Structure formats: structure tokens, C-alpha cells
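Student: Please see the structure below; I have some questions.
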Amino acid sequence: MTITARHNNPPPHRSFKKKKKKKKKKKKKKKKKKKKKKRKKKKKKKKKKKKKKKKKRHRAVRSRSCRDVQEVTSQTQQRLFFWWRKLAGYPRARVSLTPFS
């Protein structure tokens, strides 16, 4: 074997290892972003307002301003009269006594 022949066909030896070709890096494909679907908002139902029931109050309390003054005074007199009778010790059923006599 001549020197030149050996040079052209080197023996399988470590020092004569072939250089590995560098692999070309593949370019990464950019992923397309998926568009998010917008969710439709549900419309809120309006609550119906409940009508407040008016309380039926006693007539004497409700229309005090428009009632006659006489009526009010007579009521207070009556109250006083019964209070006075109670003090005197009379039973409530007897109304023969005149008030403030």
C-alpha cells in the first residue's frame, strides 16, 4: 500500500473520524391564535315592584286635621268623664250621671 492510497482511504481509527454535518435547525411555525368567541350576556329580567297595601287606619287618627274641633273636644270630655267616674268608683255601665256636674 502506498502512502497516497492510505491517505485517501484512512483506516477506521479515532483520529480519522469523519466530521458530522451540523443539522440545520428547522424554523418553528408560528401558531395562529384562535379568536375567542364572545359570549352573549343574558339580559336580566326586571323585577316587578310590589304595590304596598295601605294600612287602614282608624278614622279618628287619619283625619284629625280635617275633623271639627267640637268633635275632638267632645271626645276628650268623654274620656275625662270616664276617668273621673272611675276615680269615684262607679261602674262603667251607669251613664245617668252628667259629666262635670
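Once you know that position 57 of the sequence shown is 57 in full-length UniProt numbering, the rest is easy, because the numbers rise by one and skip nothing.
Cβ coordinates follow ideal geometry from the N, Cα and C atoms, glycine included.
If you're wondering where the values come from, they're calculated on a predicted model, not measured in any experiment.
(1) What is the rounded straight-line gap between the Cα of Ser74 and the Cα of Lys49?
(2) Can you give the Cα-Cα distance for Leu80 and Lys86, rounded to whole angstroms?
(3) Quick one: using the 10 Å Cβ neighbour count with 16 as the cut-off for buried, is Lys20 buried or exposed?
(4) Can you tell me which of the three DSSP states Lys86 falls into?
Tutor: With the structure as the only source:
(1) 44 Å
(2) 10 Å
(3) exposed
(4) Helix at Lys86.
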